[in-house]
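**Q**
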Amino acid sequence: MLLNKSKKELDIKIVYYGPALAGKTENLKYIYSKVKPEYRGELIKIDTKGERTLYFDFIPVEFQFSPYTLKVHLYTVPGQTFYKISRKLVIRGADGIVFVADSMPERREFNISSMEEMKEFMEELGMKDIPVVLQYNKRDLKDALSIEILQKDLNWNNFPYVLAIASIGEGVIETLEIILKLVIRSIKARIL
Ligand SMILES: Nc1nc2c(ncn2[C@@H]2O[C@H](COP(=O)(O)OP(=O)(O)OP(=O)(O)O)[C@@H](O)[C@H]2O)c(=O)[nH]1
Ligand SMILES: [Mg+2]
Numbered sequence: 425m426l427l428n429k430s431k432k433e434l435d436i437k438i439v440y441y442g443p444a445l446a447g448k449t450e451n452l453k454y455i456y457s458k459v460k461p462e463y464r465g466e467l468i469k470i471d472t473k474g475e476r477t478l479y480f481d482f483i484p485v486e487f488q489f490s491p492y493t494l495k496v497h498l499y500t501v502p503g504q505t506f507y508k509i510s511r512k513l514v515i516r517g518a519d520g521i522v523f524v525a526d527s528m529p530e531r532r533e534f535n536i537s538s539m540e541e542m543k544e545f546m547e548e549l550g551m552k553d554i555p556v557v558l559q560y561n562k563r564d565l566k567d568a569l570s571i572e573i574l575q576k577d578l579n580w581n582n583f584p585y586v587l588a589i590a591s592i593g594e595g596v597i598e599t600l601e602i603i604l605k606l607v608i609r610s611i612k613a614r615i616l
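Residues 425 to 616 in the working numbering are what the sequence shown spells out, letter by letter.
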């Protein structure tokens, strides 16, 4: 978080965390498609040929939050297990986290281990009090895990959650709005 009081600008960092293939990059792609070009920069994707995130994705987006201009830096982590070090680098300094969970039953254990890793990083990096929103994605799947199971597996702190189908944009903007609201509230409580 960076506050420039004279320019009335506030920079914040939001990280989309979660297991491989859960739909993190899909969230950023949808946001990119919906924000007018004058309010966003380019979507930077550092990925493999198969579109799996290799290091991170990034887009800067601007919102007016009178009298402040909010400069929001959105990142995704690479979900594949062997990129743990990259995930730790990307999550560092986040003001808020969106955890994207996969509703596919076969991915249940990956959701749980990814959440455990995120918790570990939050503790190690002194980020225990930052806002978190859970996004239960792929709700279009016929055999999607029930909300009760996802809540029991992943929601260790009564975080708000959103149901989503990121591939068609459902729930994506709502998720972003909730995390931004929580981040602004927490920053306001501290300094504004
Ligand atoms: N059925 C369905 N498929 C989805 C949904 N969201 C994303 N997908 C698909 O899931 C696959 C993985 O999505 P990504 O956004 O690339 O996943 P990721 O979380 O960025 O994965 P990594 O980069 O490996 O960490 C893609 O083929 C998406 O089209 C959804 O809501 N429903
Ligand atoms: Mg990705």
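Positions of the beta carbon are idealized from the N, C-alpha and C atoms, including for glycine. For clarity, every value in this text was computed on a predicted model and none was experimentally measured.
(1) Of the choices D526, G593 and V501, whose alpha-carbon is the least far from that of A518?
(2) Okay, do the segment 552-566 and the segment 454-461 touch, 3+ Cβ pairs below 8 Å being the bar?
(3) For the alpha helix (DSSP H) that I603 lies in, which residues bound it at each end?
(4) Could you tell me whether the segment 569-586 touches the segment 529-536, using the rule of 3 or more Cβ pairs below 8 Å?
(5) Do you know offhand how far K432's Cα is from E572's?
(6) In terms of alpha-carbon separation, which member of M542, V524 and F545 lies closest to P584?
(7) Run through DSSP, which three-state label would L513 get?
(8) Nearer than 7 Å: is that true of the beta carbon of T449 relative to any heavy atom of ligand 2?
(9) Could you check whether the Cβ of D599 sits closer than 7 Å to any heavy atom belonging to ligand 2?
(10) What number of angstroms, rounded off, separates the C-alpha of V607 from the C-alpha of G520?
(11) Cβ of T472 versus every heavy atom of ligand 2: is any distance shorter than 7 Å?
(12) Who does N561 pair with in a DSSP beta bridge?
(13) Hey, L434 and Y479 are a contact pair by Cβ (cut 8 Å); roughly how many whole angstroms apart?
(14) Would you check whether ligand 1 has a heavy atom nearer than 7 Å to the C-beta of D564?
(15) Where I468 and F489 are concerned, what is the direct C-alpha to C-alpha distance, given to the nearest angstrom?
(16) Among S570, E530, Y454 and I515, which has the Cα closest to the Cα of K552?
(17) Does the Cβ of L513 have 16 or more other Cβ atoms within 10 Å, making it buried, or fewer, making it exposed?
(18) Quick one: grab the DSSP three-state call for P461.
(19) Could you tell me whether any non-hydrogen atom of ligand 1 is closer than 7 Å to the CB of G503?
(20) Could you tell me the distance, in whole angstroms, from the CA atom of L445 to the CA atom of G503?
(21) Quick one: measure Cβ to Cβ for G465 and I483, integer angstroms, because I've assumed they're closer than 8 Å.
**A** With the structure as the only source:
(1) The count along the sequence shown starts at 1 and reaches residue 518 at position 94. Answer by Cα proximity: V501.
(2) no
(3) Here the question's residue 603 lines up with position 179 in the sequence shown. That run of the alpha helix (DSSP H) goes V596 to R614.
(4) yes
(5) As a working note, residue 432 is residue 8 in the sequence shown. As a working note, residue 572 is residue 148 in the sequence shown. Their Cα atoms are separated by approximately 43 Å.
(6) Walking along the sequence shown from the start, residue 584 turns up at place 160. Nearest C-alpha to P584: V524.
(7) Here residue 513 refers to the residue found at position 89 when the sequence shown is read from its first residue. Here L513 sits in helix by DSSP.
(8) Here the question's residue 449 lines up with position 25 in the sequence shown. Within the cutoff, so yes.
(9) Within the sequence shown, residue 599 is the residue found at index 175, counting from 1. The residue asked about is misnamed: residue 599 is Thr in this sequence, not Asp. No; taking the cut-off as 7 Å, the Cβ of T599 has no heavy atom of ligand 2 nearer than that.
(10) Your numbering for residue 607 matches position 183 in the sequence shown. Your numbering for residue 520 matches position 96 in the sequence shown. Taking the straight line joining both Cα atoms gives about 6 Å.
(11) Along the sequence shown, one-based indexing puts residue 472 at 48. Checking every heavy atom of ligand 2 against the Cβ of T472, none is found closer than 7 Å.
(12) Within the sequence shown, the letter at position 137 stands for residue 561. N561 pairs with D526.
(13) As a position in the sequence shown, residue 434 is number 10, starting the count at 1. As a position in the sequence shown, residue 479 is number 55, starting the count at 1. The pair is not a contact, with the Cβ atoms about 26 Å apart (cut-off 8 Å).
(14) Translated into the one-based positions of the sequence shown, residue 564 becomes position 140. Yes, the beta carbon of D564 sits closer than 7 Å to at least one heavy atom of ligand 1.
(15) The count along the sequence shown starts at 1 and reaches residue 468 at position 44. The count along the sequence shown starts at 1 and reaches residue 489 at position 65. Going by the C-alpha atoms only, they are around 25 Å apart.
(16) By 1-based counting over the sequence shown, the position of residue 552 is 128. Minimum Cα distance to K552 is reached at I515.
(17) The residue given as residue 513 occupies position 89 in the sequence shown. Looking at its Cβ environment, which holds fewer than 16 other Cβ atoms inside 10 Å, L513 is exposed.
(18) As a first step, residue 461 is located in the sequence shown; it is residue number 37 there, counting from the start. Note: P461 maps to helix in three-state DSSP.
(19) Position 79 of the sequence shown, counting from 1, holds the residue named residue 503. Yes, ligand 1 has a heavy atom inside 7 Å of this Cβ.
(20) One-based indexing of the sequence shown puts residue 445 at position 21. One-based indexing of the sequence shown puts residue 503 at position 79. When rounded, the distance between both Cα atoms is 7 Å.
(21) The sequence position of residue 465 within the sequence shown is 41, counting from 1. The sequence position of residue 483 within the sequence shown is 59, counting from 1. Rounded, the Cβ-Cβ distance is 6 Å, consistent with contact.
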